[in-house]
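To keep things clear, I will list the structure first and then write my remarks on it.
Protein chains: 2
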Amino acid sequence: MKRPTISDVAQRAGVSISAASFALNGRPGVSDRTRQRILDAADEIGWHRNSAARVLSGGTTNVIGMAIPRPATTLGVEPFFMELVSGIESVLAVSGYALMMQVVAGVDAELEVYRSWWGERRVDGIIVVDLRGDDPRIALLEGLALPAVVVGGPADVGSLPHVWADDAAATAETVGYLAALGHRRIGRIAGLPDLLHTRRRDEAFTEASATYELDSIDIVHTDYTGLEGAQATRRLLSSPGRPTAILYDNSIMAVAGMSVADEMRLSVPEDLSIIAWDDSQLCQVIRPAITALARDVTAYGARVARLLLDVVGKNGDAEQRGVQVPAPRLVPRSSTAPPHR
Amino acid sequence: MKRPTISDVAQRAGVSISAASFALNGRPGVSDRTRQRILDAADEIGWHRNSAARVLSGGTTNVIGMAIPRPATTLGVEPFFMELVSGIESVLAVSGYALMMQVVAGVDAELEVYRSWWGERRVDGIIVVDLRGDDPRIALLEGLALPAVVVGGPADVGSLPHVWADDAAATAETVGYLAALGHRRIGRIAGLPDLLHTRRRDEAFTEASATYELDSIDIVHTDYTGLEGAQATRRLLSSPGRPTAILYDNSIMAVAGMSVADEMRLSVPEDLSIIAWDDSQLCQVIRPAITALARDVTAYGARVARLLLDVVGKNGDAEQRGVQVPAPRLVPRSSTAPPHR
DNA sequence: GTGATGAACTAAAACGCTTAAGCTGCCTTC
DNA sequence: GAAGGCAGCTTAAGCGTTTTAGTTCATCAC
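Same order as they appear, the protein sequences are chains A and B.
So for the first sequence, the working numbering puts the first residue at 1; every next one is plus one.
So for the second sequence, the working numbering puts the first residue at 1; every next one is plus one.
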């Protein structure tokens, strides 16, 4: 089955190729009658614009690229990620853009992917996730002048537009809440230490502990899996001055921690309060329900996509370099209470 | 920054454009010395093949398309989906293919996406998920002769290659296991009723209940969310001859069900045994740990991707129409036991 | 009646690549 | 020594669009 081309359309409508092109792109230069005849002809033979040809003659690809610097096998573990993609897709889909995802093995591979995408003219813009300290991707993207939006910030993003939430404020608020409940020893079971947002939360956590004059804090880094979450919890709860509250960087680790407490005959929330970053169905469904730092990840993703479309010039070019989304809200549930005794 | 073209490479190496093309594509027609000179030149100026131009002159796009017929906001709920994508990516990434995802609002939108992708020559092949009864996508794809692989089957896939697992056998085995423990009343809390695999499991469940001469079974369909899983559980546990075991179609519903049991002062597994389809970190981490029907979803996705690459002719063209992956294995944990009394 | 204007349309170049066909020399072969 | 073959290259056509620079022709002002 041969694909019809624009010249088939032109022939059928009895006009030149360029008249057909004008009509099909909604440009002036053809009369309304002719335009309609051309559109009808295109419809009748089921014409679709060949995207390669369009790109070759200077058009846009209508593709947004996103490299994922995580091992493919761990992608499914973090619901944050998939929700972000959902939000991005919800905007791209209605704008006729597709999302091209590529899992990459490491930072070097990711840089290479960006260079390829740029050189091959495969994407109109890209979304950068999992920002790290001294991230070489920033400089590369600035150099290539590839339209890009960073998920994260507001520091260390160079001149790139970015979308960020005030994790530090949310962390401080959470520590304050626990302090108000009477907790003096608080633990934090965090994600990967080289991710920038982990560091920001770490710092905010430490600062807040000073502000509220806590007796002690403890931070343990993990790879976000339930397994490491459980190990870290076991470690904290076995220490001499064990914490009476733990803040987890995701919900699967919080659940794992709750099981460890159970295993050690500590009850939640009487002996141990538990809070999870990123609310999810899981937090709501489990008993006791888990107090969570809720953010609308889907809306976050949507905001990222909208900013990127602005940057690639699809919509009005409102030049916003940094966009802030609402800070996570603390949603108190049954897993937090004043400490026992 | 101007992107270098093949003619820049040719000029720098002092040869014609076609000589450069031959060399850069590893074809015969240039001497080894010249070839090396050309490759060096390309490297020095950072040349990348313009993919649009390559596609336009008959090449492949090196892109695999995947339309997702679910609302974007629920994408994050089902870990199965993301794990499948991980597996697919793990194969595509090393073969230099990218995955293009597009969320679609319904079946009609999906058909339109396929027609566009075909007409625009945007993808080399596509992956079809969430097979339904009398699925119109099958006929369309057969008609367009677009290389495609269906996730599911083995029935109702037309002539399309597909990858499937024997869910029916796993269902039967599970019912048999519960029967052997002494359960006579079993419930099933299933996913969307119009998905083909839901129907297959429903049928197998009903058949097995006859085989093992159970007293009663009950099937409730849901949208896979914890909320509906909880509601369905409440309904089953409130009925006169309430089940002593429930089989859930995913793990989040199983957890929700466990909480409902707790709420109703029924303990797991003494009063209620719980089994979840699709093992996950969640099943392992929660207390009691949940007995699960484990399948290697990542490997499943990888198999799908490999088959599709075969079909588009990347690898050897071993013509396998239907590929079977291992049936889910029952992994007994603490959430199942003989019924009380 | 003349020249200017502009709407409606066409011809042709350009985008960057692949590839079929053609052109050199040089080496064999008889 | 003429014919043939072959490696190693070049020329040029073609892929399906977009877009620039025309061309034609009717209309209008004076």
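We put the CB at the ideal spot given by N, CA and C, even for glycine.
Please read these numbers as outputs of a predicted model, since none were measured by experiment.
*Proximal residues to L282/B (C-beta, below 7 Å), its chain only, five neighbours per side dropped*: S251 and V255
*Runs of alpha helix (DSSP H) lying entirely within the segment 117–194 of chain B, each at least 4 residues, in chain order*: 136–144 and 167–181
*So, does the CB of E89/A fall closer than 7 Å to a CB anywhere in chain B?*
yes
*Return the first residue and the last residue of the beta strand (DSSP E) that R329/A is part of.*
R329 to V331
*Bridge partners - P216/B, DSSP secondary structure assignment*: The displayed chain sequence assigns Ser, not Pro, to residue 216/B. S216/B pairs with R185/B.
*asked:* Quick check: what's the CA-CA separation for V195/B versus L111/B?
replied: Note that residue 195/B is Leu in the sequence shown here, rather than Val. So the two alpha carbons sit approximately 17 Å from each other.
*asked:* Quick check on the DSSP output: the beta strand (DSSP E) that includes M100/A runs from which residue to which?
replied: A98 to V103
*Would a C-beta distance cut-off of 7 Å place L84/A and L92/A closer than the cut-off?*
no
*asked:* I'd like the ranges of any alpha helix (DSSP H) spanning at least 4 consecutive residues and lying wholly in the segment 250–287 of chain A.
replied: 251–263 and 281–285
*asked:* I'd like to know if R287/B contacts chain A, where contact means its C-beta is closer than 7 Å to some C-beta of that chain.
replied: yes
*C-beta neighbour in chain B for E207/A, strict 7 Å*: no
*If you draw a straight line from the C-alpha of A139/A to the C-alpha of G158/A, how long is it?*
7 Å
*Identify, in the order they occur along the chain, each residue of the same chain with its Cβ nearer than 6 Å to the Cβ of W117/B, setting aside the five sequence neighbours on each side.*
G65 and V123
*State the start and end residues of the unbroken alpha helix (DSSP H) segment that holds Y224/B.*
First-last for Y224/B: undefined, no H or E at that position.
*From R188/A, L227/A, Q231/A and Y177/A, pick the residue whose C-alpha is nearest to that of I217/A; which is it?*
R188/A
*For D262/B, which residues in chain A fall below 7 Å Cβ to Cβ?*
R287
*Does DSSP put A208/B in a helix, in a strand, or in coil?*
helix
*Using the beta-carbon of each residue, which ones in chain B are nearer than 9 Å to V331/A?*
Those do not exist, as V331/A stays about 16 Å from chain B at its closest Cβ, beyond 9 Å.
*asked:* I believe L160/A touches A148/A by the beta-carbon criterion, under 8 Å. Please report the beta-carbon distance rounded to the nearest angstrom.
replied: 6 Å
*What number of angstroms, rounded off, separates the C-alpha of S57/A from the C-alpha of H162/A?*
30 Å
*Is I38/B helix, strand or coil by DSSP?*
helix
*Who pairs with T291/A in a beta bridge, going by DSSP?*
I275/A
*asked:* Can you tell me where the beta strand (DSSP E) holding Q324/A begins and where it ends?
replied: G322 to V325
*Taking three-plus beta-carbon pairs below 8 Å as touching, is the segment 3–18 of chain B in contact with the segment 29–41 of chain B?*
yes
_Cβ shell of S273/B (< 8 Å), same chain only, five flanking positions each side left out_ = L178, L181, H183, T244, A245, I246, T291, S335, T336, A337 and P339
*Give the interface partners of E120/B over in chain A, defined as CB-CB distance under 7 Å, in chain order.*
H48, R49, N50 and S51
*Short check: CB of F22/A to CB of G29/A, under 7 Å?*
yes
*Could you tell me which chain B residues have their CB closer than 8 Å to the CB of L282/A, listed as they occur along the chain?*
G226, I252, V255 and L282
*So, does the CB of V103/A fall closer than 7 Å to a CB anywhere in chain B?*
yes
*Taking C-beta pairs closer than 8 Å, name the residues in chain B that R3/A reaches, listed in chain order.*
W118, G119 and R121
_Whole-angstrom distance between L307/A and S95/A, CA atom to CA atom_ = 13 Å
*Is it right to say D223/B is buried, meaning 16 or more other beta carbons lie within 10 angstroms of its own, or is it exposed?*
exposed
*As assigned by DSSP and simplified to three states, the class of A67/A*: strand
*Apart from the five residues on each side of it in sequence, which residues of its chain come closer than 6 Å, Cβ to Cβ, to T298/B?*
E83, S86 and G87
*Check the C-beta distance from V113/A over to V107/A and give it rounded, since I have them as a contact under 8 Å.*
That pair is no contact at about 11 Å.
*DSSP-derived helix/strand/coil call for A109/B*: helix
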